[in-house]
Each structure stands twice: as structure tokens, then as C-alpha cells.
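**Q** Take the sequence shown: its letters are residues 10 to 77, numbered as in the numbering used here.
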Amino acid sequence: MPNCTFCGHLLEKGTGKMFVYISGQIDYFCSMKCEKNLLKLKRKPLFTRWTEKYRQEHRKKKEEATKK
Ligand SMILES: [Zn+2]
């Protein structure tokens, strides 16, 4: 099963939404929260604190900061 495009959570069978753009690009959403944040509020996962992408990115930065 695919992961949510915005927050990165795994979609379970029978849940979530597949959003297909006219261009053919496909996005998956686990919740209305993720859908609105991406499509309506136009937020970016890398700059939204509660997403998996943000956590990964900032985990790296934290580790690099502690090494030095
Ligand atoms: Zn999500």
C-alpha cells in the first residue's frame, strides 16, 4: 500500500484517498487534514512540522549538529 504524500504515513486498505491531477500525477492522502494542507493551504511537507519528511530532514540536521 502507498504512503501518504503529505505526512508519509502508511495507508491501510480501505482508507485514504487517491488524488489524480489532470497531468496524471498521483497523490495519496491519509486524511482530510493532509489533503487540505497540500491542496488548499498549499503547505510543503518539508516545512510542516508534523510530517515524516520534516522529521527526517531535521533529524539529519540535529545529528550533524551534535557531531560537530
Ligand atoms: Zn497524511
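C-beta: ideal position from N, C-alpha, C; glycine also.
Relative to the C-alpha of residue 23, which residue among 37, 32, 29 is closest?
**A** Nearest of 37, 32, 29 to residue 23, Cα basis: 37.
**Q** Out of 56, 41, 10, which one is the CA nearest neighbour of residue 49?
**A** Of the candidates 56, 41, 10, the one whose C-alpha sits nearest the C-alpha of residue 49 is 41.
**Q** Grouping DSSP H, G and I as helix and E and B as strand, with all else coil, what is residue 19?
**A** Of the three classes helix, strand and coil, the one that applies to residue 19 here is strand, per DSSP.
**Q** Can you grab the Cα-Cα spacing for the pair residue 39 / residue 62, in whole Å?
**A** Their backbone Cα atoms lie some 15 Å apart in a straight line.
**Q** What residues match up with residue 37 in a beta bridge as DSSP calls it?
**A** In the DSSP output, where bridge partners are listed per residue, residue 37 has 27.
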